[in-house]
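Everything on this sheet refers to the single structure shown next.
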Amino acid sequence: MTRPLDPGTPEQFRRPRRLDVLIPTRNRPAELAVTLSGLAAQEGVPGFGVVVSDQSDGEPAYAHPAAATMVRALRHRGHPVLLTRRLPRRGLAEHRSYLLSRSAAEAVLCLDDDVWLEPGALSRLVTALDELGCGFVGNAVHGLSYTDDVRPDTHRHYEEWPGRPEPERIRPGTPEWHRASIHPAANLLHVTEKLDLPAGAWRAYKISWIGGCVLYDRAKLVESGGFDFWERLPERHQGEDVAAQLAVLERHGGAGVLPSGAYHLESPTTVTERDVEAWEVVLSESTAEV
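Mapping the sequence shown onto the working numbering, position 51 (from 1) lands on 532, and the numbers just tick up by one.
Here it is in structure tokens:
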């Protein structure tokens, strides 16, 4: 039997550092263990912190022995870990806003609880954010069960940034909005294979939004409003990441990073009630204010 797991305290955790990883989770002990194992294997970004906020119906996912072991492994390798519960649930945007408030790091990685990062992925994202100087960079997640499902019609939406990403005002109905079609299934994996990049090389490409693994310049995210719009949303929503990214894109620009080292575990979603798209609410409000 494993010993009790120390959750840590917000006061001890919330310290200035280069990077914190923010993970919301609910009813996913196995997936959380895999996600944490990917973080524990990262190199090149010493001392990054990890915040896990749990909204499970029963005991927190991080109490499962496999997840608890990965928490201990992260701490053993010099990474502060804060384990919290955020109940009652008030929706995805509120949960992300809460996680963001736990961090004082220069950059924050919003990482879903069903994403495994290959070794080197985190270092590549941090390098890209530093070199590009934009509001965020991201790794679209690969669905490896779609490896043999090649969709060449989506590849035309891949377009590289020639230099630093510029601010963009992206809205539904524009050609830029359809860039997101490069991300489902294994589309980006197929694009990467065609490019045949040399070892260690990466490319920044134009996006409308990215789900699952997004590294923000925290100050730029907060200046753009963060996830504070949660108060204006009903609890049953999705698309909160899209709303936040559109705001950051408009002010500071953003980019996808290829190759992506993020892999989706393809588990059933725990967000089954999705009555409202958060980005639709936020965009309609901004249009009304003009």
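All C-beta atoms, glycine included, are put in the ideal place defined by N, C-alpha and C.
Given a cut-off of 8 angstroms on the beta-carbon distance, is the pair LEU730 and ILE651 in contact?
yes
Would a C-beta distance cut-off of 8 angstroms place PHE617 and LEU696 closer than the cut-off?
yes
Using three-state DSSP, classify ILE691 as helix, strand or coil.
coil
Outcome for GLN493 when other beta-carbon atoms lying within 10 angstroms are tallied against a minimum of 16:
exposed
Considering only the beta carbon of each residue, do LEU486 and LEU520 sit closer than 8 angstroms?
no
Classify ARG507 as buried or exposed, calling it buried when 16 or more other Cβ atoms lie within 10 Å of its own Cβ.
buried
Look at GLY528 and GLY559 and say whether their C-beta atoms are less than 8 angstroms apart.
yes
Run through DSSP, which three-state label would PHE529 get?
coil
Let me know if GLY720 comes out buried or exposed under the rule of 16 or more other beta-carbons within 10 Å of its beta-carbon.
buried
Expressed to the nearest angstrom, what Euclidean distance is found between the alpha-carbon atoms of LEU676 and GLU587?
32 angstroms
Going by beta carbon distance, what residues of the same chain come within less than 6 angstroms of SER518, once the five residues before and after it are set aside?
MET551
Whole-number beta carbon distance between VAL723 and TRP760, since they are thought to touch under 8 angstroms
4 angstroms
By the three-class DSSP mapping on this structure, what secondary structure does VAL622 have?
coil
Buried or exposed (CB count within 10 angstroms, at least 16 for buried), VAL752:
exposed
Tell me whether SER705 is buried or exposed, calling it buried when 16 or more other Cβ atoms sit within 10 Å of its Cβ.
buried
Return the chain-ordered list of same chain residues with a C-beta closer than 7 angstroms to the C-beta of VAL771, the five sequence neighbours on each side being excluded.
For VAL771, the pLDDT reaches just 45, beneath the cut-off of 50, and the residue's location in the model is therefore unreliable, although a value from the coordinates is still provided. Around VAL771: no qualifying Cβ.
Closer than 8 angstroms is the cut-off here; do at least three beta carbon pairs connect the stretch 605-620 with the stretch 574-585?
no
Distance, ARG484 Cα to GLY735 Cα
43 angstroms
On the three-state DSSP scale, how would you describe GLN726?
helix
Near HIS671, which residues of its chain fall below 6 angstroms by C-beta distance, leaving aside the five closest residues on each side in sequence?
VAL631
Once DSSP output is grouped into helix, strand and coil, what is the label at SER534?
strand
Which residue's Cα is closest to the Cα of GLY681: PRO600, ASP593, VAL532?
PRO600
If we ignore side chains and look at the alpha-carbon of each, how far apart do ASP709 and LEU764 end up?
14 angstroms
Does VAL552 come out as helix, strand or coil in the three-state DSSP assignment?
helix
My output table needs one value for ASP634: the three-state DSSP class, helix, strand or coil.
helix
Give every residue of the same chain whose Cβ lies closer than 6 angstroms to the Cβ of SER780, excluding the five residues on either side of it in the sequence, and list them in chain order.
No information on residue 780 is available, as it lies outside the stretch 482 to 771 that the chain covers here.
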